[in-house]
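Asker: Under our numbering, think of the first position of the sequence shown as 2, with each following residue one higher.
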Amino acid sequence: MTYHASPSGREATPFALIEELAFLELSDRRRALAEFVLTTMEGGVMLARSYRDVGYFDRAVQQLRDHFNRLLHPAKAPARRRPQRRKKGKSHA
Numbered sequence: 002m003t004y005h006a007s008p009s010g011r012e013a014t015p016f017a018l019i020e021e022l023a024f025l026e027l028s029d030r031r032r033a034l035a036e037f038v039l040t041t042m043e044g045g046v047m048l049a050r051s052y053r054d055v056g057y058f059d060r061a062v063q064q065l066r067d068h069f070n071r072l073l074h075p076a077k078a079p080a081r082r083r084p085q086r087r088k089k090g091k092s093h094a
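Okay, here's the thing in structure tokens:
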């Protein structure tokens, strides 16, 4: 799913952005995440208008996308390395 956000309107609602996150079963958590999305987007709009630079909004949304990608695709735990066996023989002390 691709998310498109526009500072000029509210075509992308906070709940639409989190509908893929079915593993968040508790409605309070979903609501909190939706509020986080809305806060981030509105903050980006406020900064873009204040500085007359849409880059502020774009960067806020990019960080939001990064956050969602990390929720949807968590990093895999690094593989455990086996301890190396010591070779028998002379010590190098």
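Beta carbons are placed, not taken as given, at the ideal position from N, Cα and C, and that holds for glycine.
1) Looking at the structure shown, is histidine 74 part of a helix, part of a strand, or coil, going by DSSP?
2) Where does the unbroken alpha helix (DSSP H) through alanine 35 begin, and where does it stop?
3) Given this structure, state the Cα-to-Cα distance separating phenylalanine 37 from methionine 47, to the nearest angstrom.
4) Decide if glycine 45 is buried, meaning its Cβ has at least 16 other Cβ atoms within 10 Å, or exposed.
5) Under the rule that 16 or more other beta-carbon atoms within 10 Å means buried, what is leucine 34, buried or exposed?
6) Here's the rule: buried if 16 or more other CB atoms are within 10 angstroms of the residue's CB, otherwise exposed. What is leucine 65?
7) Classify alanine 76: buried if its beta carbon has 16 or more other beta carbons within 10 angstroms, exposed otherwise.
Answerer: Taking the structure as given:
1) coil
2) 28–52
3) 15 Å
4) buried
5) buried
6) buried
7) exposed
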